[in-house]
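Keeping their order, the protein sequence lines are chains W and L. Here the numbering used here is used: position 99 in the first sequence is 99, and no number is missing along the way. Here the numbering used here is used: position 37 in the second sequence is 37, and no number is missing along the way. C-beta: ideal position from N, C-alpha, C; glycine also. Since this is a predicted model, take the numbers as computed values, not measurements. Inspection log for the structure reproduced underneath, given as structure tokens.
There are 2 protein chains.
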Amino acid sequence: MTSPREPLTRDRIIDTALHIVDGQGLGRLTMRRLGDALQVEAMAIYHHLPRGKEELLDGLIAHVAALPAAWPRPANGTRPAAGDWRAHLRSWGGAYRARLLDHAGVLPLLMTRRNPTALAETTASLREVLRMAGFLDAAAATGAHTILGYVIGHAALEARATAARRPDDPEEAVDWDHRFAAGLDVVLAGLLTLP
Amino acid sequence: MTSPREPLTRDRIIDTALHIVDGQGLGRLTMRRLGDALQVEAMAIYHHLPRGKEELLDGLIAHVAALPAAWPRPANGTRPAAGDWRAHLRSWGGAYRARLLDHAGVLPLLMTRRNPTALAETTASLREVLRMAGFLDAAAATGAHTILGYVIGHAALEARATAARRPDDPEEAVDWDHRFAAGLDVVLAGLLTLP
DNA sequence: CCCATCGCCTTTACGTAGTAAGGTCCGATC
DNA sequence: GATCGGACCTTACTACGTAAAGGCGATGGG
Chain W
1 MTSPREPLTR DRIIDTALHI VDGQGLGRLT MRRLGDALQV EAMAIYHHLP RGKEELLDGL
61 IAHVAALPAA WPRPANGTRP AAGDWRAHLR SWGGAYRARL LDHAGVLPLL MTRRNPTALA
121 ETTASLREVL RMAGFLDAAA ATGAHTILGY VIGHAALEAR ATAARRPDDP EEAVDWDHRF
181 AAGLDVVLAG LLTLP
Chain L
1 MTSPREPLTR DRIIDTALHI VDGQGLGRLT MRRLGDALQV EAMAIYHHLP RGKEELLDGL
61 IAHVAALPAA WPRPANGTRP AAGDWRAHLR SWGGAYRARL LDHAGVLPLL MTRRNPTALA
121 ETTASLREVL RMAGFLDAAA ATGAHTILGY VIGHAALEAR ATAARRPDDP EEAVDWDHRF
181 AAGLDVVLAG LLTLP
């Protein structure tokens with residue numbers, strides 16, 4: 001009379017794994033624990049992810065890191081307002097940072113050589129936004145890496161700082177939301193100096 | 001008649017560990033392998049690093065991440081040239097990036113909550129440089145995190161991209177040295193917009 | 001000279017990890 | 001109903017981190 005347990009899926013496995021990482025940290029994500037959470041023996045996972053844990057971790061970072069900065073297609077023939085790219089990148093940056101911090105446990109995986117495509121997609125979308133904003137190709141490529149590097153790096157600094165903080169406020173507290181936004185503005189302002 | 005093996009030291013252990021990580025990757029750094037490299041049983045390491053692998057990894061990132069951007073003390077009473085801070089930060093950034101890429105294997109550790117002090121020192125030194133360059137405290141704090149975030153994040157992007165590259169040049173190659181420098185210039189130029 | 005002590009290292013052993021190899025069960029197809 | 005293939009389970013192996021306790025040579029006091 002136990003509920004018949006919906007079948008295993010690649011997506012369901014990765015979602016559950018992400019849930020474990022968010023709740024207990026990357027170090028506690030093991031195949032056996034993941035199996036338990038899915039009400040399945042650990043070895044069952046290998047039928048859906050033949051490359052085992054490697055593939056699982058690849059799936060995690062793809063799930064977290066792929067958030068393209070799609071320029072909203074302008075409605076019927078109206079041109080996108082030329083000055084909007086900064087506002088657009090500001091809001092994209094905020095969303096990307098929020099996602100990275102929501103899943104801070106996978107941040108270390110972003111530094112490993114795993115899954116090179118997940119970030120490539122995001123980089124390409126940033127480059128495209130800058131190109132459409134009028135930057136030359138070389139400047140757009142530089143700008144894309146500069147922005148993405150800043151967002152990821154700053155998120156990593158935040159994750160470290162907030163994780164290591166004792167709750168009784170040992171040093172002066174930092175308004176990380178504001179600091180991230182201010183730094184992003186610095187980067188976006190600096191882009192104007194590119195040719 | 002075997003050479004009498006110089007005694008174990010905390011520093012020698014960490015140096016050897018770093019050598020293993022650089023040569024074979026973080027995943028192959030194990031206590032037993034480290035013991036072999038030191039010609040010692042694995043458990044001997046615990047006498048010098050009582051907290052075991054945690055302490056070892058902490059030592060690794062302290063060794064890599066602590067490179068303060070010390071402003072060169074001006075020689076006898078000469079004031080530092082006011083405009084030099086950008087050049088100084090450019091060269092510091094290049095050195096920091098080079099070190100991160102030399103030890104790309106420890107980059108994932110920088111993202112974990114380990115050893116909060118190693119980066120704090122570097123951040124403080126950046127803040128100090130900016131303060132001495134005339135920035136207000138708040139702007140210096142923002143600028144320090146912006147610079148450090150960019151440098152770390154960009155180095156991570158580079159490490160990923162170069163590690164995943166097939167040697168036969170699948171996409172157009174990127175001049176990473178130039179791209180990093182250009183992005184750092186973007187950030188430094190953007191700092192001028194801070195109050 | 002002997003023996004107690006201490007610092008450094010080794011031995012042994014336990015629990016947990018990832019996963020290879022093969023087995024089991026069940027629904028679909030002919 | 002026999003066959004078959006996919007989804008899941010069982011067992012077992014190797015490697016890891018490390019707790020616990022043992023050995024062992026140098027040192028210093030009697």
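Beyond the five residues adjoining it in sequence on each side, R12 of chain L comes within less than 8 Å, by CB distance, of E6 and L38 in the same chain, given in chain order. In this structure, N115 of chain L lies near I61 of chain L, with their beta-carbon atoms less than 8 Å apart. Counting C-beta pairs with one atom in each stretch, the region 102-114 of chain L and the region 11-29 of chain L have three or more that are closer than 8 Å, which means they touch. At least one beta carbon of chain L lies nearer than 8 Å to the beta carbon of R113 of chain W. Taking 8 Å as the cut-off, the Cβ atoms of R113 of chain W and R160 of chain L count as close. Apart from sequence neighbours up to five positions away, the residues of its chain that approach R90 of chain W with a beta-carbon distance below 8 Å are A181, L184, D185 and L188, ordered along the chain. In the DSSP assignment, F180 of chain L falls within the unbroken alpha helix (DSSP H) covering W176 to L191. T9 of chain L places its beta carbon less than 8 Å from that of H48 of chain L. Annotation for A140 of chain W: R127, L130 and R131 place their beta carbon closer than 6 Å to its own, counting only its chain and skipping 5 residues before and after. Neighbourhood of L57 of chain L in chain W, by CB distance below 9 Å: empty, with the nearest CB roughly 11 Å away.
By the criterion of a C-beta distance shorter than 6 Å, E158 of chain W is surrounded in its chain by W176, once the five residues flanking it on both sides are discounted. G149 of chain W is a Cβ neighbour of G153 of chain L, given a cutoff of 8 Å. With respect to L119 of chain L, A155 of chain L sits apart: the two C-beta atoms are not nearer than 8 Å. Distances from the CA of A69 of chain W to each of W:I14, W:G59 and W:V151 were compared; the closest alpha carbon is that of W:V151. Chain order gives the chain L residues near H154 of chain W as H145, T146, L148, G149, Y150, I152 and G153, where near means a beta carbon separation below 9 Å. By the Cβ neighbour-count rule, H145 of chain W is buried, with 16 or more other Cβ atoms within 10 Å of its own. Using a Cβ-Cβ cut-off of 7 Å, A182 of chain L is close to T142 of chain W, given in chain order.
For V129 of chain L, no CB of chain W lies under 8 Å from its own CB, so it is not counted at the interface with that chain. Here H63 of chain L has I14 and L18 as same chain residues with Cβ atoms under 7 Å from its own Cβ, once five neighbours each way along the sequence are excluded. At the C-beta level, L110 of chain W and A65 of chain W come within 8 Å of one another. DSSP, read as helix, strand or coil, puts P7 of chain L in coil. Counting of Cβ neighbours within 10 angstroms places T123 of chain W among the buried residues, the total reaching 16 or more. With a cutoff of 8 Å on beta-carbon distance, T117 of chain W and R179 of chain L are scored as not near each other. It is roughly 37 Å from the alpha-carbon of L57 of chain L to the alpha-carbon of L191 of chain W. Interface flag for L100 of chain L against chain W is unset, since no Cβ pair is found closer than 8 Å. For E41 of chain L, no alpha helix (DSSP H) encloses it, and the DSSP letter there is neither H nor E.
In the displayed model, H48 of chain W falls within coil according to three-state DSSP, outside both helix and strand.
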